[in-house]
């Protein structure tokens, strides 16, 4: 009796699992797939009714247009420079994101280590205050921030973005790394200290190698935020990076939807690759650190 | 023997000496930059909210709480609050529930699990602005994927202009935000699920706990701290979302998707009324801070009971 019930339960469970799996495929895939096929189609094929679910004659023309930018030939956008600005914007975004990851890990790592390993005056209050900056509406700081950055002569430079992104991501970094450092056994570190290692040596040889998953998780998250940030990039620079450029692309009077989709796909390749490559670390880093609660 | 004792003593001494200044040095870069880039603009914004700023004549006059009075008595503000509450309701519930559903699926052992996990990360890897574009595509009235699907299935014979309808516009902007947030929620929950020790389930089974009891007393209990964090993220997003909504509707049609953040943008960058913009942003900041405080309390409480 019990056995039959168990087997039946197993079958139901299997069916439920695959049904749920199908839901996941549809939920994620549906919006993405449509954008993807649009980027391989020509403009006239887009409005077809019923729509093409597979590009009838796949073409890479849109990608060429976006990357090489033959602005002269596509009459409608003759006066705009969006196409020729794509490649530089992607390079700028890469530079900004990498710089943000490094500076964020450096500054945030130091702070997280301090919170994790030392008890000092106001440590709780400082930690709490830093975390709370995370829930401030960044939008509201833009006007005074603009004034400050203008005084520092940083407006319309990549440094303005690197500086602001680093700082807005810091709370998250400090929080995750602190929780992560907290879970690493202190004894090994203490042992190294007793053996005569300096704090820095102990950190470099003992703590850092053990914290690699957490560090990678934080690095990936800060890369994503830096690559994706739109509003500061729009207001502090003249569309130097990818997100605001994509927006101006979209606001062209005659939107070429196929080229727009190609531009979108190209711009998300770097973060998507990074997310896929590091997904294991991401989940592991988070599970050993922050989400332990 | 003696030298080992001596070394120990020296290390103790150094550690003691360490503790005094090292944390401050380590914290200095973070605190200084946070002060310059976040706290000083914050102070300025608070000051702005009590002022009337005339950009043309470059004159700032102190007006007390006039901006707040004007704000709280304006129909537009309460409309934005109403819209934002509805928006936040979707952005909190959908990602939390669907995220939990996907996380529970992806700890199961089945063929396609690794494909599922990889796909799950995809929305989270997309910038908000791309998410907005993507969903614009889905709901587009001329060639949208949703219209295409409904048409192909024979459910409609005329494409529906979803974004011209106030209710649909709010639902779909919220769904777009929920879509990306679902992945993030699921990633966090999946990470927590993976840390549940298997023997807990075995022990419960031996004790005769059924599926439902095991879910409630092991899975759910274990997930509670993470669920709190996920909820915090989702509530904060519900009030701070701007990018995706801005690219999809810019607050329209009418004021149907005018979140508080969109109102803030309108005051500041369209009306150039910095005083009112600052007042809105302070109200918004207080809302998110309040929410944040409640959740931090909850998280700290779970800290003390579990650890």
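Residue numbers (our numbering), protein chains in the order written: chain A, 62 to 354; chain B, 9 to 315. Ideal Cβ positions, reconstructed from N, Cα and C, are used throughout, including at glycine. All figures in this text were calculated on a predicted structure; none of them were measured in a lab.
The alpha helix (DSSP H) enclosing residue i, as first and last residue numbers
| i | result |
| --- | --- |
| residue 242 of chain B | 229-248 |
| residue 262 of chain A | 260-263 |
| residue 124 of chain A | 122-129 |
| residue 92 of chain B | 83-115 |
| residue 189 of chain B | 174-201 |
| residue 122 of chain B | 121-133 |
| residue 52 of chain B | 48-56 |
| residue 239 of chain A | 219-244 |
| residue 213 of chain B | 206-214 |
| residue 108 of chain A | Neither: residue 108 of chain A is in no alpha helix (DSSP H) and is coded neither H nor E. |
| residue 212 of chain A | 203-212 |
| residue 218 of chain B | First-last for residue 218 of chain B: undefined, no H or E at that position. |
| residue 139 of chain B | 136-147 |
| residue 286 of chain A | 273-289 |
| residue 281 of chain B | Segment: none, residue 281 of chain B is in no alpha helix (DSSP H) and carries neither H nor E. |
| residue 156 of chain B | 153-160 |
| residue 273 of chain B | 268-273 |
Residue i - partner residues in DSSP beta bridges
| i | result |
| --- | --- |
| residue 61 of chain B | B:68 |
Residue i, DSSP secondary structure in three states
| i | result |
| --- | --- |
| residue 167 of chain B | coil |
| residue 180 of chain A | coil |
| residue 313 of chain A | coil |
| residue 31 of chain B | helix |
| residue 103 of chain A | coil |
| residue 114 of chain A | coil |
| residue 73 of chain B | coil |
| residue 75 of chain A | helix |
| residue 78 of chain B | helix |
| residue 216 of chain A | coil |
| residue 340 of chain A | helix |
| residue 300 of chain A | coil |
| residue 308 of chain A | helix |
| residue 260 of chain B | coil |
| residue 256 of chain A | coil |
| residue 140 of chain A | Reliability of the predicted coordinates at residue 140 of chain A is poor, the pLDDT of 42 falling under 50, and no value is obtained from them. |
| residue 145 of chain A | helix |
Buried/exposed call for residue i, threshold 16 Cβ in 10 Å
| i | result |
| --- | --- |
| residue 117 of chain B | exposed |
| residue 56 of chain B | buried |
| residue 266 of chain A | exposed |
| residue 133 of chain A | Reliability of the predicted coordinates at residue 133 of chain A is poor, the pLDDT of 43 falling under 50, and no value is obtained from them. |
| residue 98 of chain B | buried |
| residue 188 of chain B | buried |
| residue 285 of chain A | buried |
| residue 262 of chain B | exposed |
| residue 312 of chain A | exposed |
| residue 86 of chain B | exposed |
| residue 63 of chain B | exposed |
| residue 206 of chain B | exposed |
| residue 76 of chain A | exposed |
| residue 7 of chain B | With chain B covering 9 to 315 only, the question about residue 7 of chain B has no answer from this structure. |
| residue 279 of chain B | exposed |
| residue 246 of chain B | buried |
| residue 310 of chain A | buried |
| residue 293 of chain A | buried |
| residue 336 of chain A | buried |
| residue 261 of chain A | exposed |
| residue 305 of chain B | exposed |
| residue 63 of chain A | Below a pLDDT of 50, predicted positions are generally treated as unreliable, and residue 63 of chain A, at 48, falls in that range; no measurement from the model is reported. |
Contact under 8 Å by Cβ, residue i with residue j
| i | j | result |
| --- | --- | --- |
| residue 325 of chain A | residue 138 of chain B | yes |
| residue 217 of chain A | residue 298 of chain A | yes |
| residue 102 of chain A | residue 317 of chain A | no |
| residue 292 of chain B | residue 268 of chain B | yes |
| residue 303 of chain B | residue 201 of chain B | no |
| residue 124 of chain B | residue 113 of chain B | yes |
| residue 53 of chain B | residue 61 of chain B | no |
| residue 208 of chain B | residue 108 of chain B | no |
| residue 117 of chain A | residue 126 of chain A | no |
| residue 44 of chain B | residue 58 of chain B | no |
| residue 186 of chain B | residue 131 of chain B | no |
| residue 200 of chain A | residue 273 of chain B | yes |
| residue 146 of chain B | residue 112 of chain A | no |
| residue 158 of chain A | residue 323 of chain A | no |
| residue 253 of chain B | residue 181 of chain B | yes |
| residue 204 of chain B | residue 227 of chain B | yes |
| residue 296 of chain B | residue 198 of chain A | yes |
| residue 307 of chain A | residue 127 of chain B | no |
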